[in-house]
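Residue numbers (this note's numbering): 2 to 366.
Rendered as structure tokens:
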């Protein structure tokens, strides 16, 4: 809900900015058309181009805020996220103004995503109680290389010195993302009662195969840590002075993976997993303490949300495991997560410096 309000507020801001610059644009257009008519009256043939001296290169640095929607979101509804998990990120971007309205852009970004069932799921809410009992958590450092185009809704036919004070824009492109979801190891192995030797460490989850990715018993393929994505977004650019621009934008990444959080399928028979660590990180529902905060979990809420735990003997290794119904055992109804792709939202503040370009204002003879 919070992210929807935020997006709506930004769209409203861009609408207001567009109205504000409309008067500037109209005034410039009248002057431009008047001069253009003089030019056309003397035109002798040939094509009119956005000349090379009007093109320019700029370089910017970003401060980013990353939010995620996926299996560990507060609610199952699309766009649900938790602003409290927002973490700062940084990036750089280069932009080449190629036409009056179109720029070619490329950039590198880094940011961290977080999700935690204990912190975001309401144990007394019907849609949140399942996730509260599930008790999964993760963090993921995202590295992105993106390239694309940026379209200004108000074109500038002159040099960079002629640009408007405020310009709304949209962008789209392609990107490659490197990610590596991790989670913190608990103090105790709930299945054996023994202390975990690497308690408190953040361990990579993919090598563990928490959903049976490395077991011959399941037809689940390991996910890739390098993923394609499609960045889309809108923003507003403010001319600070002749060489500096300040931009505010909100972006959305269309992802093609459900494993940004290492959650996306069914629980498996814990005996099919390769190690105690894999089993502990696969089913965390019986942990008494939330691993990231150290706060004791609400036992009353858990008892209301599910039945008492039961024991089963693994058909793969013959060991006995105690789990809550619906968690930590092989069954077609035991969902660890849904199979919808995760989503990524990126809010950016950028300061850009124009490196090249003509110092002469556009003239029409």
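Note that the Cβ used here is the ideal one computed from N, Cα and C, for glycine as well. These numbers come from a predicted model, not from an experiment.
DSSP state of residue i, grouped into three classes?
i: residue 303; result: helix
i: residue 292; result: coil
i: residue 351; result: strand
i: residue 91; result: strand
i: residue 356; result: coil
i: residue 312; result: strand
i: residue 131; result: helix
i: residue 368; result: It is not possible to answer for residue 368, since the shown part of the chain is limited to 2 through 366.
i: residue 164; result: coil
i: residue 273; result: helix
i: residue 226; result: coil
i: residue 117; result: strand
i: residue 48; result: Annotation note: pLDDT 40 at residue 48 (below 50); position unreliable, coordinate value reported separately. The answer is coil: DSSP assigns residue 48 none of H, G, I, E or B.
i: residue 335; result: coil
i: residue 199; result: coil
i: residue 157; result: coil
Could you tell me the distance, in whole angstroms, from the CA atom of residue i to the CA atom of residue j?
i: residue 38; j: residue 101; result: With a pLDDT of only 45 at residue 38, under the threshold of 50, the placement of this residue in the model should not be trusted; the figure read from the coordinates follows. Rounded to whole angstroms, residue 38 to residue 101 spans 19 Å at the Cα level.
i: residue 329; j: residue 293; result: 21 Å
i: residue 138; j: residue 168; result: 40 Å
i: residue 129; j: residue 302; result: 11 Å
i: residue 193; j: residue 320; result: 10 Å
i: residue 203; j: residue 278; result: 12 Å
i: residue 309; j: residue 148; result: 52 Å
i: residue 314; j: residue 280; result: 14 Å
i: residue 245; j: residue 63; result: 14 Å
i: residue 331; j: residue 322; result: 12 Å
i: residue 113; j: residue 226; result: 15 Å
i: residue 295; j: residue 142; result: 23 Å
i: residue 85; j: residue 233; result: 24 Å
i: residue 187; j: residue 195; result: 11 Å
i: residue 335; j: residue 267; result: 6 Å
i: residue 297; j: residue 190; result: 16 Å
i: residue 73; j: residue 122; result: 8 Å
i: residue 111; j: residue 140; result: 13 Å
i: residue 150; j: residue 220; result: 40 Å
i: residue 318; j: residue 106; result: 54 Å
i: residue 127; j: residue 347; result: 30 Å
i: residue 253; j: residue 65; result: 12 Å
i: residue 131; j: residue 307; result: 8 Å
i: residue 124; j: residue 304; result: 10 Å
i: residue 210; j: residue 340; result: 16 Å
i: residue 274; j: residue 67; result: 32 Å
i: residue 289; j: residue 299; result: 9 Å
i: residue 222; j: residue 215; result: 8 Å
i: residue 162; j: residue 94; result: 21 Å
i: residue 166; j: residue 97; result: 19 Å
DSSP puts residue i in a beta bridge; with which residues?
i: residue 183; result: 140 and 205
i: residue 297; result: 290
i: residue 416; result: Any property of residue 416 remains undetermined from this structure, which presents the chain solely from 2 to 366.
i: residue 258; result: According to DSSP, residue 258 bridges with nothing at all.
i: residue 147; result: 108 and 176
i: residue 96; result: 59 and 106
i: residue 152; result: 103 and 171
i: residue 344; result: 70 and 255
i: residue 278; result: DSSP output for residue 278 lists no bridge partner at all.
i: residue 189; result: 196
i: residue 232; result: 254
i: residue 65; result: 90 and 349
Which residue's Cα is closest to the Cα of residue i: the options?
i: residue 265; options: 153, 252 and 283; result: 283
i: residue 173; options: 103, 193, 221 and 139; result: 103
i: residue 116; options: 92, 105, 182 and 156; result: 182
i: residue 353; options: 60, 56, 52 and 53; result: 60
i: residue 256; options: 145, 223, 215 and 153; result: 145
i: residue 88; options: 345, 206, 356 and 242; result: 345
i: residue 351; options: 73, 55, 91 and 69; result: 91
i: residue 235; options: 205, 153 and 297; result: 153
i: residue 356; options: 58, 298 and 316; result: 58
i: residue 291; options: 93, 158, 124 and 118; result: 118
i: residue 171; options: 199, 237 and 164; result: 237
i: residue 134; options: 348, 66, 342 and 337; result: 337
i: residue 120; options: 136, 111, 106 and 126; result: 136
i: residue 242; options: 164, 297 and 252; result: 164
i: residue 397; options: 151, 212, 219 and 109; result: Within the shown structure, residues of the chain are numbered from 2 to 366, placing residue 397 beyond reach of any answer.
i: residue 212; options: 52, 307, 106 and 333; result: 333
i: residue 249; options: 67, 71, 349 and 53; result: 349
i: residue 155; options: 239, 274 and 259; result: 239
i: residue 217; options: 206, 269 and 53; result: 269
i: residue 342; options: 224, 259 and 289; result: 259
i: residue 200; options: 184, 208, 207 and 214; result: 184
Write down the C-beta distance between residue i and residue j rounded to the nearest angstrom, noting that I regard them as a contact closer than 8 Å.
i: residue 230; j: residue 276; result: No, residue 230 and residue 276 are not in contact; Cβ-Cβ is about 32 Å, not under 8 Å.
i: residue 286; j: residue 311; result: Between residue 311 and residue 286 the Cβ distance is about 12 Å, and since that is not below 8 Å, they are no contact.
i: residue 69; j: residue 251; result: No, residue 69 and residue 251 are not in contact; Cβ-Cβ is about 14 Å, not under 8 Å.
i: residue 55; j: residue 159; result: 6 Å
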